[in-house]
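Letter by letter, the sequence shown follows residues 805 to 1080 of my numbering. For glycine and all other residues, C-beta sits at the position ideal for the given N, C-alpha and C. One structure below.
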Amino acid sequence: MNDIEDAEGMADVQACLTRWQLTARGAPWRTGSSWLQAVRFNGEPAILKVARIEEEHRGGQLMVWWRAHGAVRVLAHDGDAILLEQADDRRSLADMARLGDDDAASRIICDVAARLHAPQSHPRPALLPLPAWFSSLHRVAGTQAGVLGDAASVAADLLASPQDITVLHGDLHHGNVLDAGERGWLAIDPKVLIGERGFDFANILCNPDHELATSPGRLERQVAVIAEAAALERGRLLAWVAAWSGLSAAWHLEDGTEPHTALAVAGLALDAMRAG
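Set out below in structure tokens:
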């Protein structure tokens, strides 16, 4: 980021602090997609988020649309800026999974997904069709043999015959579901997609870390847990795990980062599919 962008981002944050009469808690920080600032709003902790990219802006619109049904509450919004309740985050689904409650963590994510997927009566924001989300996998698979090619083939079959179309979170995993105390577990950071419901459960199998995701028997166990909790057909869920993991690996390869976990989980899912 250059100095001009830094100055513009800081000015946007300051404008929101003034507009909504927020009290800053510490200094703002930036990610690849947003400026963030911990604040107090009417005395309560909250998070100010100012989108830097269109995808993040659309994610904010979806958070508003959910009206806190399965997602953290939106306290205020205007343009690229959104003010969110701060989840207490006293409990961590990643820690829960690592410390022996993997089944419980998966079931919690499934419960959150059910609330996010529930129909809403008000008009929804613009959403990206799921096939467009898979463009990287098909592009990279054209130059890669083996697991990525197989994952791309599975993805093409799934996308050609979608079932249970709904609004999707798009990146539902242990780190994007937070403990909100009395309000339960709630989602953050959606990707604004529309497509088959089963897609939203696949990323659970790539998380919370490489060691757990690739541990012997873990994939088979969690596929069974998720299929039961979310009322999904096991074979189709496995197919979505293979497709999603392949897509994640493709993104890593395009970004020049390590695809090891995603490729390993894709291979495990493909093997499970072949075994029947």
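* Asked: Alpha carbon to alpha carbon, what distance is there between Pro933 and Glu859?
  -> 13 Å
* **Whole-Å CB distance - Val996 paired with Leu903, under 8 Å assumed** => In this structure, Val996 and Leu903 do not form a Cβ contact; the two beta carbons are roughly 33 Å apart against a cut-off of 8 Å.
* What does His1089 pair with, by DSSP beta-bridge criteria? -> What the structure shows of the chain is the stretch from 805 to 1080, and residue 1089 is not part of that stretch, so it cannot be assessed.
* Within this structure, are the beta carbons of Asp983 and Ala891 separated by less than 7 Å? -> yes
* Skipping 5 residues on each side, what residues in its chain have a beta carbon closer than 6 Å to that of Ala1079? -> Excluding residues up to 5 positions away in sequence, nothing lies with its Cβ nearer than 6 Å to the Cβ of Ala1079 in the same chain.
* Asked: Near Gln1026, what residues of its chain come up, given a Cβ to Cβ distance below 7 Å and the 5 sequence neighbours on each side ignored?
  -> Asp906, Ser910, Ile1008, Leu1009
* Residue range of the alpha helix (DSSP H) that Thr835 falls in? -> Taken as a continuous stretch (DSSP letters only), Thr835 belongs to no alpha helix (DSSP H), as it is neither H nor E.
* Asked: Mind checking whether Pro1012 and Ala901 have CB atoms under 7 Å apart?
  -> Result yes, Cβ atoms of Pro1012 and Ala901 sit closer than 7 Å.
* Length of the line joining the Cα atoms of Leu887 and Arg823 -> 11 Å
* **Chain-order list of residues whose beta-carbon lies under 8 Å from that of Arg1040 (same chain, five-residue window excluded)** => Leu962, Gln967, Gly1002
* **C-beta contact flag for Ala819 and Ser838 at 7 Å** => no
* To do: Please list, in chain order, all residues of the same chain as His942 whose beta carbon is under 8 Å from its beta carbon, the five residues on each side excluded.
  => Ala956, Ala959, Ala960
* Should Glu1015 be labelled buried (16 or more other beta-carbon atoms within 10 Å of its own) or exposed? -> By the neighbour-count rule (16 or more Cβ atoms within 10 Å), Glu1015 is not buried but exposed.
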